[in-house]
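Chains as they are written, first to last, in our numbering: chain A, 3 to 140; chain B, 3 to 500.
Note sheet for the following structure.
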């Protein structure tokens, strides 16, 4: 039985599907929603270089709000800055997750080459089991 | 610190190879964006484009290896270029190379002395003034390209800006500044325009840079010519580099080694001076572009430098025909990116003193073209405002037990050279009393002026025949009183000093 489940989410339909899946099948497990804020996004939305710390904090707060809005009251919500794959793995390790449940966009061709698949690399590099779901799962 | 081989290899991998795809791509984007900047800043400094291009190459490569902040971009910069204009004009290129080497040596010394931590003595308002002044200067440096140029330069620059700002709404697959440069170059070449091109600005690199010590006499006289330039260059280089390192720290939510960065910048400038480049430092705008393009490690900086030189050498003949109008458009974008736009609405919210500091910093830089001077004035203004604010926090209250008996003065706050006047105005030394108690439990005596003020009070009360007792002086204050107070020494008289 899995008791601690990490749910990385980027607010896409596929991560929502992953969340539904986890809640449905592991209702008794402790669940933690994680959003990884990529420094790319912070850099590209930066208006005031001197106040970069304030802007990052504001962005983190905003995303935490969004995350809390989709989280159930018994689920934890965490926002961390970093590159998606490394940060997901670090959070899973640090928090002691025994299962990662996440969505995949199912991009192919050029889009897959450019963006890779975060889910794919998490599967390859994670020490524990990973459950992947597609957005068009019923 | 001794590192075991395995942690060393682990760190090396993390700092160079943990994000290869993102770093290669970002390095390429930055290399393309560096070309117009390196040429533009060479022109600002009054030297051939090759001086700035060689500098951006060697500074990027050395800083990638020796710097303290992975994913930060360093190269020839506007802040530094502006400081060397008169040196180049009055003494020529060899002295610029010598100044670059001395700048680097100074920075290495600053790094070894661990001066990085004093960065926090530069208040935020001064930093905002710094980037805003820098942005305005970069912009103003573009204005001269319009004077005397054919009218066609106006639509050219406008078209360039339109591409730079509108293209990202359609696609972000290719860097918009690069598209602007290519498109405008094609237009001017096919239209056979008479507008100035990069080739008209001076010599471009045709070979790899080579090692050569600057052709200057190694005498004290050379040093006296070079040092007045090298000192502000070293200072401004470190301020911009450490500020940029902070920005990258904030964006990536990671820490960096500021003293290693100072030493790395120094080493980069020493090497650059020996290879025919101008002094440079970290670049705020380019580093943000680098992180925004997915860079995380040192690899991105190295790749940016190497790509930059490779492209110049391979595509030199194409770079030569780029119209200056296209570069002007890119440089206007750089100045817009550097400006702290958040500081404008901030002026309404922040205390007036901070706005004065910010505008003061900008004003001094615009008049003198010297960012070091601007920072100096900004820090001084901040200290003045700060000490005035602290001085207001000194408070003197008192109560009297019986008329003509004992009055206890309670002093709370900081007593120092700025606050002594407010402190003294809290006492009535003309009152006829038996005893006065000065209760300093909640106060701190900071300096000789504070002790002199205590002396003055004690002696004035005593002159009226009032007994004076000091109470609650903390250890530091007691030590100062012991050393400096004269009221218990023979011959001390009221008004004797003061």
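Heads up, the beta-carbon is just placed ideally off N, CA and C, and yes, glycines get one too.
Checklist entry - Using the beta-carbon of each residue, which ones in chain A are nearer than 8 Å to residue 253 of chain B? => result Here residue 253 of chain B refers to the residue found at position 251 when the second chain is read from its first residue. Result: 41, 44, 45, 48, 54, 58.
Checklist entry - Quick one: Cα of residue 125 of chain A to Cα of residue 133 of chain B, how far? => result Numbered from 1 along the first chain, position 123 holds the residue referred to as residue 125 of chain A. Numbered from 1 along the second chain, position 131 holds the residue referred to as residue 133 of chain B. Roughly 44 Å separates the two Cα atoms.
Checklist entry - Per DSSP, what kind of secondary structure is residue 458 of chain B in: helix, strand or coil? => result Residue mapping note: residue 458 of chain B aligns to position 456 of the second chain, counting from 1. Here residue 458 of chain B sits in helix by DSSP.
Checklist entry - When DSSP labels each residue in this structure, what does residue 52 of chain A get in the three-state scheme? => result Your numbering for residue 52 of chain A matches position 50 in the first chain. Reduced to three states, the DSSP call for residue 52 of chain A is helix.
Checklist entry - By how many angstroms is the C-alpha of residue 193 of chain B removed from the C-alpha of residue 156 of chain B? => result Here residue 156 of chain B is taken as the residue at index 154 of the second chain, counted from 1. Here residue 193 of chain B is taken as the residue at index 191 of the second chain, counted from 1. Answer to the nearest angstrom: the Cα atoms are 15 Å apart.
Checklist entry - Is residue 16 of chain B close to chain A, meaning its C-beta is less than 7 Å from at least one C-beta of that chain? => result The sequence position of residue 16 of chain B within the second chain is 14, counting from 1. It does not: the Cβ of residue 16 of chain B has no partner Cβ on chain A nearer than 7 Å.
Next on the checklist: Which residues of the stretch 342–370 of chain B have a Cβ closer than 9 Å to any Cβ of chain A? Give them in chain order.
Outcome noted: 342, 343, 344, 345, 348
Checklist entry - If you count every other CB in all the chains shown that lies within 10 Å of the CB of residue 267 of chain B, and 16 or more means buried, which is it? => result As a position in the second chain, residue 267 of chain B is number 265, starting the count at 1. Label assigned to residue 267 of chain B: buried.
Checklist entry - Can you list the beta strand (DSSP E) stretches of 3 or more residues lying completely in the stretch 190–238 of chain B, in chain order? => result none
Item to check | Proximity below 7 Å, CB of residue 285 of chain B to CB of residue 67 of chain B | outcome: To locate residue 285 of chain B, count along the second chain from 1; it is residue 283. To locate residue 67 of chain B, count along the second chain from 1; it is residue 65. No.
Checklist entry - Between residue 270 of chain B and residue 64 of chain B, which are expected to be in contact by the criterion C-beta below 8 Å, what is the C-beta distance as a whole number of angstroms? => result Locating residue 270 of chain B in the second chain gives position 268, counting from the first residue. Locating residue 64 of chain B in the second chain gives position 62, counting from the first residue. With 8 Å as the limit, residue 270 of chain B and residue 64 of chain B qualify as a contact, their Cβ atoms being about 4 Å apart.
Item to check | residue 443 of chain B - DSSP class collapsed to helix/strand/coil | outcome: Against the second chain, residue 443 of chain B aligns to sequence position 441. It is a strand residue.
Item to check | Short CB-CB distance (under 7 Å) between residue 241 of chain B and chain E | outcome: Considering every chain present, this structure includes no chain E. Its protein chains are A and B.
Checklist entry - How is residue 14 of chain A classed by DSSP in three states: helix, strand or coil? => result Residue numbering aside, residue 14 of chain A sits at position 12 when the first chain is read from its first letter. Three-state result, residue 14 of chain A: coil.
Next on the checklist: Starting from residue 411 of chain B, trace the beta strand (DSSP E) in both directions and tell me its first and last residue.
Outcome noted: For the purposes of this step, residue 411 of chain B is taken as residue 409 along the second chain, with counting starting at 1. Note, residue 411 of chain B: beta strand (DSSP E), 408–417.
Next on the checklist: 7 Å is my cut-off, CB to CB: does residue 130 of chain B come that close to chain A?
Outcome noted: The residue given as residue 130 of chain B occupies position 128 in the second chain. Taking Cβ atoms only, chain A reaches closer than 7 Å to residue 130 of chain B, which makes this a yes.
Checklist entry - Would residue 290 of chain B count as contacting chain A if we go by Cβ distances under 7 Å? => result One-based indexing of the second chain puts residue 290 of chain B at position 288. Chain A, which has a Cβ nearer than 7 Å to the Cβ of residue 290 of chain B, makes this yes.
Checklist entry - Is any beta-carbon of chain B found at less than 7 Å from that of residue 51 of chain A? => result The residue labelled residue 51 of chain A in the question sits at position 49 within the first chain. By this cut-off, residue 51 of chain A is an interface position.
Next on the checklist: Just verifying my parser: in three-state terms, what is the DSSP assignment at residue 466 of chain B?
Outcome noted: Within the second chain, numbered from 1, the residue matching residue 466 of chain B stands at position 464. Residue 466 of chain B falls in the coil class under three-state DSSP.
Next on the checklist: Taking 7 Å as the threshold (C-beta atoms), are residue 60 of chain B and residue 246 of chain B in contact?
Outcome noted: Here residue 246 of chain B refers to the residue found at position 244 of the second chain. Here residue 60 of chain B refers to the residue found at position 58 of the second chain. No, they are not a contact pair.
Checklist entry - Looking at the unbroken beta strand (DSSP E) that takes in residue 38 of chain A, where does it start and where does it end? => result What you label residue 38 of chain A is simply residue 36 of the first chain in a count that begins at 1. From DSSP, the beta strand (DSSP E) with residue 38 of chain A extends over 32–39.
Next on the checklist: What does the alpha-carbon distance come out to for the pair residue 376 of chain B and residue 85 of chain B?
Outcome noted: Stepping through the second chain from its first residue, residue 376 of chain B is reached at position 374. Stepping through the second chain from its first residue, residue 85 of chain B is reached at position 83. The straight-line gap from Cα to Cα measures roughly 12 Å.
Item to check | Of the residues B:479, B:457, B:474, B:480, the one placed nearest residue 492 of chain B, counting alpha carbons only | outcome: As a working note, residue 492 of chain B is residue 490 in the second chain. Selected option, being the one with the closest Cα: B:457.
Checklist entry - What residues in the stretch 256–281 of chain B have a beta carbon less than 9 Å from any beta carbon of chain A? => result 256
Item to check | Delimiting residues of the beta strand (DSSP E) encompassing residue 352 of chain B | outcome: As a first step, residue 352 of chain B must be located in the second chain, where it is residue number 350. Per DSSP, residue 352 of chain B belongs to no beta strand (DSSP E) and is neither H nor E.
Item to check | When A:128, A:50, A:85, A:96 are compared against residue 22 of chain B, the one with the closest alpha-carbon | outcome: Here residue 22 of chain B refers to the residue found at position 20 when the second chain is read from its first residue. Residue A:85 is the option with its Cα nearest to residue 22 of chain B.
Checklist entry - Is the stretch 344–359 of chain B close to the stretch 211–220 of chain B, with three or more CB pairs under 8 Å? => result no
Item to check | Touching by the beta-carbon criterion (3+ pairs, under 8 Å), the stretch 297–313 of chain B and the stretch 92–111 of chain B | outcome: no
Checklist entry - Name the chain B residues that come within less than 9 Å of residue 96 of chain A, Cβ to Cβ? => result If you number the first chain from 1, residue 96 of chain A lands on position 94. Neighbours of residue 96 of chain A on chain B: none; closest Cβ ~15 Å, over 9 Å.
Item to check | Against chain A: residues of the stretch 294–307 of chain B by CB proximity under 8 Å | outcome: 294, 295, 296, 298
Checklist entry - What is the C-beta distance between residue 200 of chain B and residue 334 of chain B, in whole angstroms, given that I count them as a contact (C-beta under 8 Å)? => result Here residue 200 of chain B refers to the residue found at position 198 of the second chain. Here residue 334 of chain B refers to the residue found at position 332 of the second chain. About 17 Å; that fails the 8 Å criterion.
Checklist entry - In terms of residue numbering, what span does the beta strand (DSSP E) encompassing residue 82 of chain A cover? => result Start at 1 with the first residue of the first chain, and residue 82 of chain A comes out as number 80. Note, residue 82 of chain A: beta strand (DSSP E), 78–83.
Item to check | Min CB distance residue 132 of chain A to chain B below 7 Å | outcome: Indexing the first chain from 1 puts residue 132 of chain A at position 130. Residue 132 of chain A does not count as touching chain B.
Next on the checklist: Under 7 Å, Cβ to Cβ, is there at least one residue of chain B near residue 83 of chain A?
Outcome noted: Taking the first residue of the first chain as position 1, residue 83 of chain A is located at position 81. Yes, residue 83 of chain A counts as interfacial toward chain B.
Checklist entry - Between the stretch 64–78 of chain B and chain A, which residues of the former have a C-beta closer than 7 Å to a C-beta of the latter? => result none
Next on the checklist: Using beta carbons (cut-off 7 Å, strictly below), is residue 500 of chain B in contact with chain A?
Outcome noted: Within the second chain, residue 500 of chain B is the residue found at index 498, counting from 1. Unreliable placement is indicated for residue 500 of chain B, whose pLDDT of 37 sits below 50; the coordinate value is still reported in the next sentence. So, not an interface residue.
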